[in-house]
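Working notes, structure below.
Protein chains: 2
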Amino acid sequence: MNNPQNILIIGAGLCGSLLALRLGQRGYRVTVMEKRPDLRKVEISAGRSINLAFSNRGNKAMKLVGMEDKVKKLCIPMNGRMIHDTQGNTFLSNYSGREHEYINSISRGDLNALLLDEAEKHENVNIYFNRKCQSVDFENTTAKFYDYESKTDFVEDADVIFATDGAGSILRKSYFLGKKFLFSFSQDYLSHGYKELSILPTETGEYKTYKNALHIWPRGSFMMIALPNLDGSFTVTLFLSYDEGDYNFNNLTSPETVTEFFEKEFPDALKLMPNLVDDFFKNPTSPLGTVKCSPWHFKGNTLLMGDAAHAIVPFYGQGMNASFEDVVEFDAVLNEYKNPKSKHDWETIFKAYEQNRKKDTDAIADLAIDNFHEMKEHVNHDLFKEKRHLEMALEKHFPKEYASKYSLVTFNEHMGYKDAMLKGRAQDKAILNMLADGDISTALDMTKMELKTILDRINSETQKILDEDNLAGLNK
Amino acid sequence: MNNPQNILIIGAGLCGSLLALRLGQRGYRVTVMEKRPDLRKVEISAGRSINLAFSNRGNKAMKLVGMEDKVKKLCIPMNGRMIHDTQGNTFLSNYSGREHEYINSISRGDLNALLLDEAEKHENVNIYFNRKCQSVDFENTTAKFYDYESKTDFVEDADVIFATDGAGSILRKSYFLGKKFLFSFSQDYLSHGYKELSILPTETGEYKTYKNALHIWPRGSFMMIALPNLDGSFTVTLFLSYDEGDYNFNNLTSPETVTEFFEKEFPDALKLMPNLVDDFFKNPTSPLGTVKCSPWHFKGNTLLMGDAAHAIVPFYGQGMNASFEDVVEFDAVLNEYKNPKSKHDWETIFKAYEQNRKKDTDAIADLAIDNFHEMKEHVNHDLFKEKRHLEMALEKHFPKEYASKYSLVTFNEHMGYKDAMLKGRAQDKAILNMLADGDISTALDMTKMELKTILDRINSETQKILDEDNLAGLNK
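Okay, structure coming up:
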């Protein structure tokens, strides 16, 4: 398949390199400009998370481009959350009652390199590094770059420009500052920031704590998590308020207070982190923000995708998965229409894509905020624990009939995020209220028939909640 | 009372002039800079709505500054919505079942002039016009202005700066572009714009249609409204999509199509508007947007108030009322603390003010969007009409026990917008679902006792909805 349209992609991160690969496979002439050096050649400390959660929606995209097997080799399965209390006691809370449903820890760099390699196998795909986009003239479909190597500016012209340049997107900035059309935009910061730390491997290269889980130290108003890496280490992330509480990023300014804080709140982790103080003062503290905007496209000229269109907080482990799903959804829209030959065709395609997709990326943004509260607080609450326990039993005994909100979002890749959110929230509300009212039991020794009765009640309550909200116009 | 703190207010619109008056009354040295000419001396076509809805929350502020009686003289009571169908049939839907509860149409210019006059009576208040703010250096508490008269720039220094410079606030822009702190910000445009038109008085200066109502021509995906002026005219506003539907702002480009559109959709209004085509092509089409942001203040140096902090769409008639209530709420915080003597004191006050107030301005922003849909569509639906009919009966027979969402928001000025929203939405949901299920009757001849039974059921269903949402964490 050959397609004469010239496509410029700004940004060769995870979304950009996948998009380049897919559009290359479809026969477009693709040029990619990336501001960073080639991460396959240079060690990059990009200030971004080292590892990420990879799950079904991301894998759907890997299937689309024929990369599923190669990516699998990079994955470390995490079957559940390993919760750590302040005494160092732990318990494992599975993500699903179905054994084949788990999430994976994966290295951002390794995955990105794999996608770049695969994209470059197509001779119609050309990727350039060290080219920083400065602005996009979306009316004329050109972009201005600075070349760090030759130290010169240049302008790149294309039939269509895709911006996959992340949360700080230059195209999005050009939309905002250009004031050429009504551009709805939001940036919302949490009161908390994050800092990456590490648990290094043992001297013999072994994992110092349980490998196949996402570790959480929930402390109510703050928390710490850890994800495993292939080299035996864990990347640890502390989520903490900038200025509230006894300990916060603004007052943790000396080795003594940092150590005191960890001794009090994370004593078991501290034992595994002799490098804590070094990490703490070497690594930056970064903000946590959500970005939404609309429209994503300007006519048939330019389109935002991935974090550039919808940056989300990391608490559902869906950032990369949502960006990968963007490419799957965009590909489906391309299949629906004839191969675009003009700006007018691209405009139709961009409109249809945003129409299909935006409701879902808005939903995962909101779900990710919900999960911040769930992870730092709720996982420790009795009512929440009872709910999770019941849901695990339902998923185990009725694997085809029941899926929790977490499962709907993470493992049901054929349901959009919006529907998953509405159904999942209604289900949570039904269960929490029935539990609070003592309407349903969570005895350990329930028979399958007793469980089935509970399942039927949950389903009918959930449907009632959805119907009542619909009638009152609350599910828009 | 004398207070040595020097206060600079940017913007002498409704919020700025009220704030200047109140801070003047409290003894501060107040300087106000306004970019427009003095509206008491020059006819201004500012492109903003000519008349506004004034109700209890706004009046609370007028009481605070002792202006209630003077403002009352500018008010035209509107007791309800006068709904016009495409055949020109009308029916009046009261805003409340309590006779003393109504909203008022008031001239923006007259009210602003009154507040400016009153503020200038204080010798510690100085107001300058034709001074356009260009940027605010919030770290140094200075602002740069351009003087249209002398055609020169100047810098104004103050102990503290209040920006009441509206939806396009320069201080807010300085926060956003300055990137000195994490600034959450959103601008959200509706797909609809608006255009102001007019129904002029008869030759003898009489009103051409019923004076004491807010007229609505609801048409599902668009609508038109009209509010009376003291001179016998009505200011008419058409709310219409820019690019969707058979007729929209982008395709209404000739006198013929405009007339055709009005003949089809608003024939009764067209008869009263011989000046339609002139108005239509003379007046601008303006966008409808919501702005939210946080924090409103930078340390103890600067604070956003009114539309500068929270611009909302006009559909609840609460824009001015919310801005006036800002001043009441700010005044209450000033009462709580000692007179501020330092940046540190101001910071404490600004924090407390935003903590109290932001939840409520967020709520009225969302309520105003809800009401767009209610006004253009729901007012014509049978289920909605049944609900309104029942609520009127409840408010009439149980004036102290029942208040609709509209009444809670508009007439219950001692309940914050957030609580009014949560209670009002739960109540609406309870009633709509009971009506849809045939659980409650709306017979015209119900006895008071039958109504009381219904009221009790509504109250208990409403409480149940609130409790269930609370438990599920949905009312945050």
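Protein chains in written order, with our numbering: chain A, 9 to 484; chain B, 9 to 484.
Note that the Cβ used here is the ideal one computed from N, Cα and C, for glycine as well.
_Enclosing alpha helix (DSSP H) for tryptophan 354 of chain B [first to last residue]_ = Counting along the chain, the alpha helix (DSSP H) containing tryptophan 354 of chain B begins and ends at 351 to 384.
*Classify glycine 213 of chain B as helix, strand or coil using the three-state DSSP reduction.*
For glycine 213 of chain B, the secondary structure class from DSSP, reduced to helix, strand or coil, is coil.
*Nearest-angstrom beta carbon gap, serine 101 of chain B and arginine 396 of chain B [assumed within contact, 8 Å]*: That belief holds up - the Cβ atoms of arginine 396 of chain B and serine 101 of chain B are roughly 6 Å apart, short of 8 Å.
*Residues in the segment 438 to 452 of chain B having any Cβ partner in chain A nearer than 8 Å*: The residues in question are Leu440, Asn441, Ala444.
*Tell me which same chain residues have a C-beta within less than 6 Å of the C-beta of glutamine 326 of chain B, skipping the five on either side of it?*
Answer for glutamine 326 of chain B: Ile372, listed in chain order.
*Among all the DSSP beta bridges, which residues are the ones paired with leucine 22 of chain B?*
Looking at the DSSP output, leucine 22 of chain B shares a beta bridge with no other residue.
*Quickly, what does DSSP pair arginine 89 of chain A with across the bridge? List them, please.*
Looking at the DSSP assignment, arginine 89 of chain A forms a beta bridge with A/Ser101, A/Leu222.
*Reducing DSSP to helix, strand and coil, say where aspartate 145 of chain B ends up.*
Strand at aspartate 145 of chain B.
*How would you write the range of the alpha helix (DSSP H) that lysine 485 of chain A sits in, first residue to last?*
Because chain A here runs from 9 to 484, residue 485 of chain A falls outside it and cannot be looked at.
*asked:* Using 8 Å as the cut-off, can you tell me whether the segment 206 to 218 of chain B makes contact with the segment 343 to 355 of chain B, which would need three or more C-beta pairs spanning the two stretches below that distance?
replied: Inter-segment contact for the segment 206 to 218 of chain B and the segment 343 to 355 of chain B is absent: fewer than three beta-carbon pairs are separated by less than 8 Å.
*Residue ranges of each beta strand (DSSP E) within the segment 293 to 329 of chain B, 3 or longer*: Whole beta strand (DSSP E) segments, 3+ residues: 293 to 302, 310 to 312.
_Inter-residue spacing [alpha-carbon to alpha-carbon] between glycine 55 of chain B and proline 292 of chain B_ = Per-residue confidence for glycine 55 of chain B stands at a pLDDT of 44, beneath the threshold of 50, marking its modelled position as unreliable; the derived number appears in the next sentence. Those two C-alpha atoms are separated by around 7 Å.
*In three-state terms, what does DSSP make of arginine 65 of chain A?*
In the three-state reduction of the DSSP assignment, arginine 65 of chain A falls in the helix class, which pools H, G and I.
*Under 9 Å (Cβ pairs) to chain A, residues found in the segment 469 to 483 of chain B*: So the list reads Ile473, Asp475, Glu476, Asp477, Leu479, Ala480, Gly481, Leu482, given in the order they occur along the chain.
*Answer yes or no: do methionine 41 of chain A and glutamate 164 of chain A have a C-beta to C-beta separation smaller than 8 Å?*
Contact check for methionine 41 of chain A against glutamate 164 of chain A passes: the beta carbons are separated by less than 8 Å.
*Determine the direct distance from the alpha carbon of phenylalanine 257 of chain A to that of valine 335 of chain A, and round the result to whole angstroms.*
Rounded to the nearest angstrom, the two C-alpha atoms are 37 Å apart.
*In whole angstroms, what separates the C-alpha of methionine 328 of chain A from that of cysteine 83 of chain A?*
When rounded, the distance between both Cα atoms is 14 Å.
*Hey, out of A/Gly117, A/Asp368, A/Arg89, A/Met75, whose CA is closest to leucine 238 of chain A's CA?*
Looking at the Cα atoms, A/Gly117 is the closest of the given residues.
*Measure the C-alpha to C-alpha separation of glutamate 385 of chain B and leucine 198 of chain B and round it to an integer number of angstroms.*
Going by the C-alpha atoms only, they are around 16 Å apart.
*Output yes if chain B places a C-beta closer than 8 Å to the C-beta of glutamine 363 of chain A; else output no.*
Contacts with chain B at 8 Å (Cβ-Cβ) do not include glutamine 363 of chain A.
*Would you mind giving the Cβ-Cβ distance between valine 79 of chain B and methionine 70 of chain B, rounded to the nearest angstrom? I have them listed as a contact below 8 Å.*
Contact check for valine 79 of chain B and methionine 70 of chain B: beta-carbon distance about 5 Å, within the 8 Å limit, so the pair qualifies.
*Span of the alpha helix (DSSP H) holding leucine 123 of chain A?*
Looking at the DSSP string, the run of the alpha helix (DSSP H) that includes leucine 123 of chain A is 116 to 128.
*Measuring only between beta-carbons, confirm whether aspartate 390 of chain A sits less than 8 Å from chain B.*
By this cut-off, aspartate 390 of chain A is not an interface position.
_Out of A/Ala277, A/Gly66, A/Thr261, A/His200, which one is the CA nearest neighbour of lysine 290 of chain A?_
Checked all of A/Ala277, A/Gly66, A/Thr261, A/His200; the closest Cα to lysine 290 of chain A is A/Thr261.
*Over what stretch of residues does the alpha helix (DSSP H) that includes threonine 261 of chain A continue unbroken?*
Premise fails: threonine 261 of chain A is in no alpha helix (DSSP H) and is neither H nor E.
*Can you list, in chain order, the stretches of the alpha helix (DSSP H) that have 4 or more residues and sit fully within the segment 409 to 468 of chain B?*
DSSP runs (the alpha helix (DSSP H)) wholly in the segment 409 to 468 of chain B: 413 to 418, 425 to 444.
*Of all the CB atoms in chain B, is at least one closer than 8 Å to the CB of aspartate 196 of chain A?*
The beta carbon of aspartate 196 of chain A falls within 8 Å of a beta carbon belonging to chain B, placing the residue at that interface.
*Report the neighbours of serine 192 of chain A on chain B: residues whose CB is nearer than 7 Å to its CB, in chain order.*
By Cβ distance, chain B contributes Gln195, Asp196, Tyr197.
*Under three-state DSSP, which class holds histidine 108 of chain B?*
Looking at histidine 108 of chain B - three-state DSSP - the assignment turns out to be coil, as it is neither helix nor strand.
*asked:* Here's the rule I'm using: 16 or more other beta-carbon atoms within 10 Å means buried, otherwise exposed. How should methionine 457 of chain B be labelled?
replied: Looking at its Cβ environment, which holds fewer than 16 other Cβ atoms inside 10 Å, methionine 457 of chain B is exposed.
*Out of curiosity, what's the CA-to-CA distance linking asparagine 148 of chain B and aspartate 378 of chain B?*
Their Cα atoms are separated by approximately 40 Å.
*Under a three-way DSSP split, which group does tyrosine 183 of chain A fall into?*
Annotated three-state conformation of tyrosine 183 of chain A is helix, per DSSP.
*asked:* I'd like the span of the alpha helix (DSSP H) that includes methionine 400 of chain B, first residue to last.
replied: Where methionine 400 of chain B is concerned, the enclosing alpha helix (DSSP H) stretches over 390 to 405.
_Any chain A beta carbon closer than 8 Å to proline 303 of chain B_ = Chain A, which has no Cβ nearer than 8 Å to the Cβ of proline 303 of chain B, makes this no.
*So, is the C-beta of aspartate 315 of chain B closer than 8 Å to a C-beta in chain A?*
For aspartate 315 of chain B, the answer is no, since every Cβ of chain A falls outside 8 Å of its Cβ.
*Report all residues from its chain with a CB closer than 6 Å to the CB of tyrosine 255 of chain A; omit the five preceding and five following residues, and keep chain order.*
The beta carbon of tyrosine 255 of chain A sits closer than 6 Å to the beta carbons of Phe269 from its chain, once the five residues preceding and following it are set aside; these are given in chain order.
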